[in-house]
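Add 239 to the 1-based position in the sequence shown for the working numbering, that's all there is to it.
Encoded as structure tokens, the structure appears first; notes follow it.
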Amino acid sequence: METKGTLNCFCGKMGAGKTTLSKSLARTQGAVYLSEDEWLAAHYPTQIESFEDYIFHSNLIKPFAREHVINLLSLGINVVMDFPANTVRQRAWFIALCEEVGCNHQIHYLDVTDETCLAQIAKRRVEQPERAHFDTEAVFHHVTQYFEAPTNEELGINIVYANVKA
Numbered sequence: 240m241e242t243k244g245t246l247n248c249f250c251g252k253m254g255a256g257k258t259t260l261s262k263s264l265a266r267t268q269g270a271v272y273l274s275e276d277e278w279l280a281a282h283y284p285t286q287i288e289s290f291e292d293y294i295f296h297s298n299l300i301k302p303f304a305r306e307h308v309i310n311l312l313s314l315g316i317n318v319v320m321d322f323p324a325n326t327v328r329q330r331a332w333f334i335a336l337c338e339e340v341g342c343n344h345q346i347h348y349l350d351v352t353d354e355t356c357l358a359q360i361a362k363r364r365v366e367q368p369e370r371a372h373f374d375t376e377a378v379f380h381h382v383t384q385y386f387e388a389p390t391n392e393e394l395g396i397n398i399v400y401a402n403v404k405a
């Protein structure tokens, strides 16, 4: 019997700590780490100036990410995808991918207050000044209006409630 890898993905508002948790999980599991931010920065370093630009370019890389992840999971390699699973539609994309491969998944949900997220975003602006134009309170509020917390009613979902320290 072939062993398939497990896909780990993350749900949480901007600044909740998804990237920090995903990097830690990849290290502890010895999993392949894939970052949407890194892929976008490598392929479209100057093209993303707005949320709409982000959505457009994110959709361009998804077919490539999908094929890569399917190949890794099929080989029995665990994958940590630091790509957002912040809406029902985004989570359904991950779940469909796993159903195609026949592998397990975990959607790690970081339920963090807006205040904590905004504090983390402010800290990130200082630590990563190249992100300061996008990591703002206005962008946080704009993006948050689309956020949908996961529920057990979503078809096929396996939610892991992440223990996040503020």
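Even glycine gets a Cβ: it sits at the ideal position worked out from N, Cα and C.
As the structure is a prediction and not an experimental result, all values here were calculated from the model.
Give every residue of the same chain whose Cβ lies closer than 7 Å to the Cβ of residue i, excluding the five residues on either side of it in the sequence, and list them in chain order.
{"i": "residue 324", "result": "248, 249, 250, 330, 333 and 346"}
{"i": "residue 402", "result": "none"}
{"i": "residue 340", "result": "243, 309, 312 and 313"}
{"i": "residue 405", "result": "Because the pLDDT at residue 405 is just 47, under 50, the model does not fix this residue reliably, and the value given afterwards should be weighed accordingly. So the qualifying residues of the chain are 355."}
{"i": "residue 370", "result": "363 and 364"}
Leaving out the 5 sequence neighbours to the left and right, which residues in its chain are closer than 8 Å to residue i when beta-carbon positions are compared?
{"i": "residue 304", "result": "273, 275, 278, 320 and 322"}
{"i": "residue 296", "result": "279, 282, 283, 286 and 287"}
{"i": "residue 397", "result": "343, 344, 345 and 346"}
So is residue i buried or exposed if we call it buried at 16+ other beta carbons inside 10 Å?
{"i": "residue 312", "result": "buried"}
{"i": "residue 381", "result": "exposed"}
{"i": "residue 299", "result": "exposed"}
{"i": "residue 389", "result": "buried"}
Answer yes or no: do residue i and residue j have a C-beta to C-beta separation smaller than 8 Å?
{"i": "residue 290", "j": "residue 351", "result": "no"}
{"i": "residue 349", "j": "residue 255", "result": "yes"}
{"i": "residue 336", "j": "residue 246", "result": "yes"}
{"i": "residue 252", "j": "residue 383", "result": "yes"}
{"i": "residue 268", "j": "residue 317", "result": "yes"}
{"i": "residue 357", "j": "residue 376", "result": "yes"}
Can you find a CB in chain D that lies within less than 8 Å of the CB of residue i?
{"i": "residue 268", "result": "In summary, chain D is missing from the structure at hand, where a single protein chain is found."}
Residues in its own chain within less than 6 Å of residue i by CB, not counting five upstream and five downstream?
{"i": "residue 261", "result": "249, 319 and 321"}
{"i": "residue 374", "result": "360, 363 and 364"}
Using 8 Å for Cβ pairs, my map puts residue i next to residue j. What's the rounded Cβ distance?
{"i": "residue 326", "j": "residue 387", "result": "5 Å"}
- 3-residue-minimum beta strand (DSSP E) runs that sit fully inside the stretch 251-311, ordered along the chain: 271-274
ask   = Which parts of the stretch 351-404 are runs of the alpha helix (DSSP H), unbroken and 4 residues or longer, counting only runs that do not cross its ends?
value = 353-366 and 376-383
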